[in-house]
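Data first, discussion second: the structure below is written as structure tokens.
Numbering (mature numbering (1 follows the signal peptide of the UniProt record, and there is no 0)), first residue to last: -30 to -1, 1 to 262.
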């Protein structure tokens, strides 16, 4: 920004006025930007990924977004895109016009997420072992019980697992890979979700699976015709590559530091309400590594 000062007898005084003018103008502009009212909470979400979110706004992330919108006093608006490769590029980072974006907040990412700027974590969850009770494996109360099954029972295992995540590694390290039935986590059909594995379990296409806890917990709660056993899996201190537990955060764009602080303030001030929503959806949660 250039200033031309005329009518001053001293060049140094002119430079002083120019500097003063710059000092006055910049804080006013910054303050105007900081205090500009947000007209809506614009959320980036998957429209078909229960129990997290869907277009009918039935997921627990939808409910937490509503809570945040109420806190801000604004409506919640969505940009939906399948939460797979390209999600952040087509939502959070997708520009609309000048200095505007399709949406400003992703409701759930791992704490160490690096494609966008993660907030403070607001819950910790884990992968689980799941099976339907009454189908021959009711003695399994922990993961080690599967490893110690008699050979005749192991031969009956049909272990549903995805091409990503810790299930393959766990089966491999426990000499159970021969009982695995692999599925693609991101097939071409975007209507297919990770949660479909729970339908396969209920329908007895597979009889055991390791799956991310929110899917199993929600399916176990909403399914009345079968009893689904859900066993949380813990990290193994002696085997850091076998990681099951994750702190979950929200995410904003890099550089949106003031907005990120607003989100963090909401997370801290509404901790109890957020966890009530998680409990309502039967999301398995663990104590945080650090208190939020």
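Every residue gets a Cβ at the ideal spot worked out from N, C-alpha and C, and that includes glycine.
(message) Once DSSP output is grouped into helix, strand and coil, what is the label at residue 33?
(response) helix
(message) Below 8 Å on the Cβ atoms is my contact criterion, and I expect residue 77 with residue 220 to pass it. Report the Cβ-Cβ distance as a whole number of Å.
(response) 6 Å
(request) Could I get the ranges of all uninterrupted beta strand (DSSP E) runs contained in the stretch 200 to 246, with 3 residues as the minimum, in chain order? (result) 215 to 222
(request) Within its chain, find whatever has a CB closer than 6 Å to the CB of residue 186; leave out the 5 residues flanking it on each side and keep chain order. (result) 98, 100 and 200
(request) Can you tell me which of the three DSSP states residue 139 falls into? (result) helix
(request) Look at the Cβ atom of residue 150, then the Cβ atom of residue 139, and state whether they are nearer than 8 Å. (result) no
(request) From the DSSP output, in three-state form, read off residue 149 for me. (result) helix
(request) Check whether the Cβ atoms of residue 93 and residue 245 lie closer than 8 Å to each other. (result) yes
(request) Below 8 Å CB to CB, which residues in the same chain sit around residue 253 once its five sequence neighbours on both sides are set aside? (result) 21, 30, 93, 95, 183, 184, 187 and 188
(request) Since I believe residue 132 is in contact with residue 146 (beta carbons under 8 Å), could you give me their beta-carbon distance rounded to a whole number of angstroms? (result) 15 Å between Cβ atoms; not a contact.
(message) Measuring only the C-alpha atoms, how far is residue 264 from residue 137?
(response) Because the chain here runs from -30 to 262, residue 264 falls outside it and cannot be looked at.
(request) Tell me residue 99's beta-bridge partners as DSSP assigns them. (result) 180 and 201
(message) Quick check on residue 233: buried or exposed, where buried means 16 or more other Cβ atoms within 10 Å of its Cβ?
(response) buried
(message) Using CA atoms only, rank isn't needed, just tell me which of 170, 13, 15 and 203 is closest to residue 112.
(response) 203
(message) Using CA atoms only, rank isn't needed, just tell me which of 210, 90 and 65 is closest to residue 227.
(response) 90
(message) For residue 116 and residue 205, I'd like the C-alpha separation in whole angstroms.
(response) 17 Å
(request) Specify the secondary structure class of residue 105 as computed by DSSP and reduced to three states. (result) coil
(message) Below 8 Å on the Cβ atoms is my contact criterion, and I expect residue 171 with residue 102 to pass it. Report the Cβ-Cβ distance as a whole number of Å.
(response) 6 Å
(request) Could you spell out the range, first to last residue, of the beta strand (DSSP E) harbouring residue 12? (result) 11 to 15
(message) Are the CB atoms of residue 216 and residue 88 within a distance shorter than 8 Å?
(response) no
(request) Using the Cα positions of residue 18 and residue 73, report the straight-line distance between them to the nearest angstrom. (result) 18 Å
(message) According to DSSP, residue 71 sits in a beta bridge with which residue or residues?
(response) 65
(message) Quick check on residue 144: buried or exposed, where buried means 16 or more other Cβ atoms within 10 Å of its Cβ?
(response) exposed
(request) In angstroms with no decimal places, state the Cα-to-Cα distance between residue 148 and residue 165. (result) 23 Å
(message) Counting C-beta neighbours from all protein chains within 10 Å, is the total for residue 181 16 or more, i.e. buried, or is it exposed?
(response) buried
(message) Going by the DSSP bridge assignment, what does residue 47 pair with across the sheet?
(response) 12
(request) Within its chain, find whatever has a CB closer than 8 Å to the CB of residue 86; leave out the 5 residues flanking it on each side and keep chain order. (result) 58, 62, 63, 76, 79, 221, 222, 223 and 224
(request) Taking residue 178 as the reference, give the member of 211, 124 and 258 with the closest Cα. (result) 124
(message) Just to confirm my understanding: we take residue 105, look at its own chain, exclude 5 residues before and 5 after, and list those with CB closer than 8 Å. What are they?
(response) 174 and 177
(message) residue 214 and residue 41 - do their beta-carbons sit closer together than 8 Å?
(response) no
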